[in-house]
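Participant: Numbering (my numbering), first residue to last: 353 to 453.
From the three backbone atoms N, C-alpha and C, an ideal C-beta is built for every residue, glycine too.
Just so you know, these numbers come straight off a predicted model, no measurement behind them.
1. Under the three-state reduction of DSSP, which class applies to residue 397: helix, strand or coil?
2. How would you write the range of the alpha helix (DSSP H) that residue 422 sits in, first residue to last?
3. When DSSP labels each residue in this structure, what does residue 363 get in the three-state scheme?
4. What would DSSP say about residue 353, mapped onto helix, strand or coil?
5. Out of 362, 374, 386, point me to the one whose CA is closest to residue 435's CA.
6. Taking Cβ to Cβ, would you say residue 404 is nearer than 8 Å to residue 416?
7. Would you kindly work out how many angstroms separate the C-alpha atoms of residue 439 and residue 410, rounded to a whole number?
8. Just to confirm before moving on: does the CB-CB distance between residue 423 and residue 400 stay below 8 Å?
9. Could you check how far apart the C-beta atoms of residue 389 and residue 433 are, in whole angstroms? I think they sit under 8 Å.
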């Protein structure tokens, strides 16, 4: 019975090994893309914020509302990318934990 359990665990590890490599590769690519996109996204967010401040000074409230929506959307995209990265890291850790048992 112990031999059967050992062989089943070995088969599970053999089947999960390519999945672990693929997940780790996807985490690396997602992290790289997230870093690059935030380098592009952060100046745009600063520009939109500056336009919003200028619109407040000019008392153009429709523009302030639209720029606030744009700013919130850009911020949500940045936070969402970080959340996806965290979920992928947790999934990678769980698969690696199964492989080390």
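Facilitator: Looking at the atomic coordinates:
1. If DSSP states are grouped into helix, strand and coil, residue 397 belongs with the helices.
2. First-last of the alpha helix (DSSP H) with residue 422: 413-452.
3. It is helical.
4. It is coil, neither helix nor strand.
5. It is 386.
6. Closer than 8 Å, so yes.
7. Computed Cα separation, rounded: 43 Å.
8. Residue 400 sits close to residue 423, with the two beta carbons spaced by under 8 Å.
9. The pair is a contact, with the Cβ atoms about 7 Å apart (cut-off 8 Å).
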